[in-house]
Every structure is written in structure tokens, then in C-alpha cells.
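All residue numbers for the sequence shown refer to UniProt numbering, where the first residue is 1 and numbers rise by one.
No residue lacks a Cβ here, since even glycine has one placed at the ideal position from N, Cα and C.
Written out below as C-alpha cells is the structure these notes cover.
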Amino acid sequence: MSSSPSSNGLSNNTLHLEQIQTNLASLRNGILELEAVSRTAAGSHSQVEAVKLLRKQYERMRGMLLADGQGVEVPSLDIIVAPTPKKPDPFSSLTSPSNASLAPLIGTPPPRSPSPSIPDYNGPFTPYTDDPQRPPSPPSPNALLQTQKQLIDTQDTHLSALSDSISRHHNLSLQINSELDTHHGLLQELDTELDQTEGRLSGARRRLDRVGRGLKGNGSTVCIGVLILVLLVLIIAFKT
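Structure follows, in C-alpha cells:
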């Protein structure tokens with residue numbers, strides 16, 4: 001009769017160790033999956049820091065179990081082991097003090113520390129807040145009407161300024177057109193005067209040509225006339 005309590009204690013201890021070993025194996029698989037995701041291009045610096053914290057937590061619990069010397073085989077995260085089929089856990093509903101003390105360390109993620117090394121952690125765990133931010137309330141119909149009225153007034157002001165600018169450009173274009181017409185008339189008058197000047201120059205050139213031809217044909221007569229004129233001038237000069 002004295003051996004039954006010890007045998008019951010050993011069986012309970014064995015069941016607890018098996019459950020702890022199963023939970024640690026699940027935690028190890030989850031850490032390896034997170035580490036594989038963080039190594040890809042989609043992983044951020046905060047995810048890498050979270051994986052490091054989980055690895056430290058796992059290695060700490062593994063060291064505690066190995067220090068007890070219970071013969072529990074808990075592989076390290078650096079050792080690759082073949083996946084084994086999961087056995088159903090018939091003792092998941094047990095609420096012993098040992099399970100209650102180990103459950104927060106195994107079943108839940110580690111709490112986020114307020115250290116500045118991972119301020120932007122956006123991993124798979126959502127932080128809990130007692131006072132979530134409320135969505136902004138929609139504006140009232142009066143506020144919407146006032147906003148629309150202000151927009152319409154602003155558009156009217158812009159349209160009025162645009163209309164004034166178009167009117168000024170139209171007046172400037174009319175003035176430029178009038179100036180162009182005036183310059184065109186002046187150019188036509190100048191063209192007419194140039195034609196008349198060219199006609200007069202042509203007539204003078206023809207007259208000079210006729211005088212030149214006459215001088216060439218009557219050169220001797222002209223010379224005699226000039227000599228007679230010179231003699232007359234000399235005679236008059238000597239008599240006086």
C-alpha cells in the first residue's frame with residue numbers, strides 16, 4: 001500500500017513531462033517557421049528581433065528541463081530534426097499547479113518589451129489596448145453644405161479671374177491686329193513710292209543715254225563751238 005502514492009506521483013510526473021515536451025516541440029516548430037519568414041524579403045527588422053527573443057525564451061526553458069535531469073529529450077533550435085506525427089493529448093484538460101505555471105511560458109507569445117530596439121514590431125501578435133481609437137465621426141450635412149459652398153465660391157472666383165484674363169487677351173489681340181493693318185498700309189504706300197522712283201530713274205537714265213549718244217556723234221562741232229566761245233571771252237577780256 002505504501003508504493004501506490006509514489007507510483008501515482010511518477011505517472012503524473014511522466015505525463016507532465018510528456019505534455020511539456022509536446023508543447024516545446026510545437027513552440028520550436030513555430031519559432032522555425034517565423035525564422036524562415038523573417039529571412040525572406042518580406043521579413044522586417046522587427047520580425048527578426050522578435051524571433052531572437054523567442055529563441056532565447058526557448059533555450060532558457062530547454063536549459064531548465066535539462067538541468068532537472070528528468071531524461072527529457074528537447075532538441076535545440078540549431079539542430080534539424082525529422083518531423084514526427086503529433087499524438088493526441090488526452091491530458092490537455094488537466095489543471096495542475098505545474099501546468100498552470102508553465103502555460104504562460106509555452107502557449108503564449110512573450111510580452112513585448114518597451115525596449116527601443118523593436119519599436120515598430122508588426123508580427124503575428126496584435127498588442128492589446130484598453131482604449132482603442134474610435135473612428136472619426138462623419139461630418140454633419142450642414143458642414144458638407146458649407147464646404148461645397150466654399151468650393152463653389154472659390155471656383156466662381158477662379159472663373160471670373162479667368163474670364164477677365166481672356167477679355168484682356170482679346171483686347172490685346174484686337175490692338176495688335178489694328179497695328180498690323182496700319183503697318184501693311186504703310187508698306188503698300190512705300191512700295192508705290194518705290195515704283196514711282198524707279199520709273200523716274202529709268203526716264204533720267206534714258207535721257208542721259210540720248211545725250212551721250214549725241215555727244216559721240218557731234219564731237220567736232222561741240223569742240224569748235226567751245227573754242228569760239230573761249231576766243232570771244234578772251235577778246236572781251238583784252239579790250240577791257
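Q.
What residue range does the alpha helix (DSSP H) around residue 241 cover?
A. It is not possible to answer for residue 241, since the shown part of the chain is limited to 1 through 240.
Q: Pick helix, strand or coil for T40, following the three-state DSSP scheme.
A: Within the sequence shown, residue 40 is the residue found at index 40, counting from 1. T40: coil per DSSP, three-state reduction.
Q) Secondary structure at T221, three-state DSSP: helix, strand or coil? A) Numbered from 1 along the sequence shown, position 221 holds the residue referred to as residue 221. In this structure, T221 counts as helix in the three-state DSSP scheme.
Q: Would you decide whether E49 is buried or exposed? Buried here means 16 or more other CB atoms lie within 10 Å of its CB.
A: The residue labelled residue 49 in the question sits at position 49 within the sequence shown. Under this definition E49 is a buried residue.
Q | Alpha-carbon spacing of D78 relative to E18, whole angstroms | A | Counting from 1 along the sequence shown, the entry for residue 78 is found at position 78. Counting from 1 along the sequence shown, the entry for residue 18 is found at position 18. Each residue's alpha carbon lies about 22 Å from the other.
Q: Quick one: measure Cβ to Cβ for L34 and R62, integer angstroms, because I've assumed they're closer than 8 Å.
A: Within the sequence shown, the letter at position 34 stands for residue 34. Within the sequence shown, the letter at position 62 stands for residue 62. The pair is not a contact, with the Cβ atoms about 17 Å apart (cut-off 8 Å).
Q. Distance, Cα to Cα, S38 vs L53?
A. Translated into the one-based positions of the sequence shown, residue 38 becomes position 38. Translated into the one-based positions of the sequence shown, residue 53 becomes position 53. Between S38 and L53, the C-alpha separation is close to 13 Å.
Q: Could you check what DSSP says for T240 in three-state terms: helix, strand or coil?
A: Indexing the sequence shown from 1 puts residue 240 at position 240. Coil.
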